[in-house]
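Peer 1: Below are the C-alpha cells for one structure; questions will follow.
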Amino acid sequence: MTAGSDEQGTSRAKTRLANEQLILDVAEGCFARHGFRGTSVRLIAEEAGLPKSNILYYFSSKLVLYKALLARTMQRWNEQIDDIRVEDDPAEVLSRFIRAKIEQARLHPQASRLFATEMLQGAPFLQDYLGSVGRAWMADKAEVLAVWMDQGRLRRMDPVRLIFLIWASTQHYADFEVQILGVTGKEAQSAEDFDAAADFLCAMILRGCDLIPPSGTITDHLPMLAAQGVHT
21 MTAGSDEQGT
31 SRAKTRLANE
41 QLILDVAEGC
51 FARHGFRGTS
61 VRLIAEEAGL
71 PKSNILYYFS
81 SKLVLYKALL
91 ARTMQRWNEQ
101 IDDIRVEDDP
111 AEVLSRFIRA
121 KIEQARLHPQ
131 ASRLFATEML
141 QGAPFLQDYL
151 GSVGRAWMAD
161 KAEVLAVWMD
171 QGRLRRMDPV
181 RLIFLIWAST
191 QHYADFEVQI
201 LGVTGKEAQS
211 AEDFDAAADF
221 LCAMILRGCD
231 LIPPSGTITD
241 HLPMLAAQGV
251 HT
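Residue numbers (our numbering): 21 to 252.
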C-alpha cells in the first residue's frame with residue numbers, strides 16, 4: 021500500500037466519522053422535538069443538508085439511527101468509570117463521574133431528555149440493550165464498589181442504588197431544566213450554575229459515602245437559592 025492510498029483511506033475515514041457525527045447531532049434535535057414517530061429520515065436529511073440516501077448509507081433505517089443515538093448518550097454518560105479498578109481512589113472516581121454527568125447535562129440536554137422520554141415510554145427500543153450491555157455494565161461497576169466497601173474504603177450500602185442516585189441527580193439538571201428555571205427565576209442555567217451543581221452533588225454524595233470530597237462543600241451554594249426567595 022502506498023503513502024497516497026494510506027492518506028486517501030485516512031481521509032475517507034475522517035469524512036465518514038464527520039458525517040456520522042453530523043447525522044447523529046441533527047437526529048438528536050429532530051427526535052427530541054418530534055419524537056420517534058414524528059421524525060422521518062427525510063426530515064433528518066433535510067436538516068443535515070445531506071441526501072436521504074446518505075443517511076441510509078451510514079444508518080440503514082430510522083430505528084438503527086435512533087438506537088445509535090441512545091447508545092451514544094449512554095456511552096458519554098458512563099465512559100468516565102468504564103475502566104475503574106479496585107486500586108483506584110473511590111472519592112476521585114465518584115467525583116469524576118458526577119462532574120462528567122453534570123457536564124453532559126450542560127452540553128447535551130436534548131440527548132438526556134430524549135433518553136428520559138424513551139424510559140418513560142417503557143424503553144421499547146432499548147429493552148435488549150438494557151438487559152444485556154446495560155446489565156453487564158452495572159454488575160461490573162457494582163462489583164468494584166462492593167470491594168471498596170469490603171475494604172472499608174467506602175460506606176457499606178447498595179452499590180447499584182448509589183449509581184442510580186448519581187444518574188438521577190445529575191440528569192435532573194437537563195431533564196427538569198424548566199422546573200429549575202421556574203423556581204429560581206432564571207432565564208437559563210449558566211456554566212457557573214452547573215459547576216455549583218457539580219460541587220454540591222459531589223459534597224452531598226461523597227460525604228454520604230464517608231468520603232472526603234476533592235472540592236466543594238455541602239453549603240457552598242445554598243445562599244444563592246435563599247437570595248432568590250427559595251427556602252432550603
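We put the beta carbon where it would ideally sit given N, CA and C, even for glycine.
(1) Assess, as a yes-or-no matter, whether the segment 164 to 174 is touched by the segment 186 to 195 under the definition of 3 or more beta carbon pairs within less than 8 Å.
(2) If you drop the 5 nearest sequence neighbours on each side, which residues of the same chain put their C-beta closer than 6 Å to that of serine 115?
(3) Just to confirm my understanding: we take arginine 75, look at its own chain, exclude 5 residues before and 5 after, and list those with CB closer than 8 Å. What are they?
(4) Quick check on serine 189: does DSSP put it in helix, strand or coil?
(5) Out of Ile225, Glu99, Glu48 and Lys82, which has the shortest C-alpha to C-alpha gap to serine 132?
(6) Would you grab the beta carbon distance between isoleucine 225 and lysine 161 for me? Rounded to a whole angstrom, and I think it's under 8 Å.
(7) Quick check on the DSSP output: what are the complete alpha helix (DSSP H) runs of length 4 or more inside the segment 125 to 210, in order along the chain?
(8) Which same chain residues, not among the five before or five after glutamine 209, have their C-beta less than 8 Å away from its C-beta?
(9) Determine the closest residue to valine 180 out of Ala159, Met169 and Asp170, with distance taken between C-alpha atoms.
(10) DSSP on aspartate 215, reduced to helix/strand/coil?
(11) Which class does phenylalanine 220 belong to by DSSP, given the choice of helix, strand or coil?
(12) Kindly list the residues whose CB is nearer than 6 Å to the CB of arginine 175, restricted to its own chain and excluding five residues on each side of it in sequence; keep chain order.
(13) In angstroms with no decimal places, state the Cα-to-Cα distance between alanine 38 and glycine 172.
(14) Got a sec? Which residues, its chain only, sit under 6 Å from glutamine 100 by beta carbon, not counting five neighbours each side?
(15) Taking the Cβ atom as the reference point for each residue, do alanine 188 and leucine 134 lie within a distance shorter than 7 Å?
(16) I need the DSSP call for proline 110, collapsed to helix, strand or coil.
(17) CA-CA distance, methionine 169 and histidine 54?
(18) Once you ignore the five residues that flank isoleucine 122 on each side, which residues in its own chain have a CB closer than 6 Å to its CB?
(19) Which residues in the same chain as methionine 177 place their Cβ atom closer than 8 Å to its Cβ, once the five residues preceding and following it in sequence are excluded?
(20) Rounding to the nearest angstrom, what Cα-Cα distance links phenylalanine 56 and lysine 82 in this structure?
Peer 2: Reading from the atomic positions:
(1) no
(2) In the same chain as serine 115, and ignoring 5 residues on each side of it, the C-beta atoms closer than 6 Å to its own belong to Cys222 and Pro234, in chain order.
(3) In the sequence under discussion, the amino acid at residue 75 is isoleucine, which differs from the arginine named in the question. Cβ within range, chain order: Ile43, Val61, Ile64, Ala65, Ala68 and Leu85.
(4) helix
(5) It is Glu48.
(6) 15 Å between Cβ atoms; not a contact.
(7) 129 to 140, 155 to 170, 179 to 195 and 197 to 204
(8) Only Arg126, Tyr193, Glu197, Ile200 and Leu201 meet the Cβ criterion.
(9) Ala159
(10) helix
(11) helix
(12) Cys229 and Asp230
(13) 46 Å
(14) Arg116, Phe117 and Ala120
(15) no
(16) helix
(17) 45 Å
(18) Thr190, Phe214, Ala217 and Ala218, listed in sequence order.
(19) Met169 and Cys229
(20) If you draw a straight line from the Cα of phenylalanine 56 to the Cα of lysine 82, it is about 9 Å long.
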